[in-house]
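What follows is a set of notes on a single structure, which appears directly below.
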Amino acid sequence: MARTSVKTTVTEQARLSPFSRGSSHHDVFISSSCDGTRDTFVSHLSAALKRVNITVMEEDDKNKVPETRQYLPKKTRLGIERSKICIVVLSEDFASSKHSLTTLAEIIEWRHSKTGATVVPVFYGVDRSLVEQQIGKYGEAFSKHEASEPKDRVTEWRNALTEAASIKEGLHSNAESRL
């Protein structure tokens, strides 16, 4: 009788992922601003998810500021559309990033589609109420955006942030050690 190998191949591990939908899809898309959370919290979160065979795509192209959601990098749009869960790490300086706000607006728009992803906000070092009410650093950032951006775009960003902050399944974290 032939012995079967106990080694699990990469393909088998992907198939065993609790969210697996095929090789061209990711289980989780993580969006964050480029304020340092990406190198700390997000990298730990991503590693923790990967340890349990959850495929992750982290947002990149932070240097590109899209004019509208239609001009988000294709990789970012596909990452959002092909993920079951979108985690948005809302940190103290998130609202300062036009790119992050534009990505969030796309995520919220996708959430409303019939096949849209589940959105999980993570409030990292910022209180949910500050995000929802857009006060403090969030209010300061929006004052700057209102002076330089079209009103409809700022309104879209504000609405997306308000909706993300109102999602009850959100997580509040200041510590990476729990990951």
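Residues 1 to 179 (full-length UniProt numbering) are what the sequence shown spells out, left to right.
By construction, the Cβ of each residue, glycine as well, lies at the ideal position given by its N, Cα and C atoms.
Beta strand (DSSP E) segment containing residue i, residue limits
i	result
residue 43	Per DSSP, residue 43 belongs to no beta strand (DSSP E); it is in the alpha helix (DSSP H), 43-51.
Residue i vs residue j beta-carbon contact at 8 Å
i	j	result
residue 59	residue 103	yes
residue 89	residue 52	no
residue 27	residue 83	yes
Residue i Cβ short of 7 Å to the ligand MG heavy atom set
i	result
residue 117	The model depicted lacks the ligand MG and carries no ligand whatsoever.
C-alpha distance - residue i paired with residue j, whole-angstrom precision
i	j	result
residue 132	residue 93	14 Å
residue 49	residue 157	28 Å
residue 32	residue 91	8 Å
residue 145	residue 79	26 Å
residue 119	residue 137	23 Å
residue 46	residue 135	29 Å
residue 152	residue 72	17 Å
residue 42	residue 30	8 Å
One or two residues paired with residue i in a DSSP bridge
i	result
residue 121	88
residue 29	57, 86
From the options, residue whose alpha carbon lies closest to that of residue i
i	options	result
residue 167	139, 129, 137, 29	129
Boundaries (first-last residue) of the alpha helix (DSSP H) holding residue i
i	result
residue 108	98-111
residue 165	151-166
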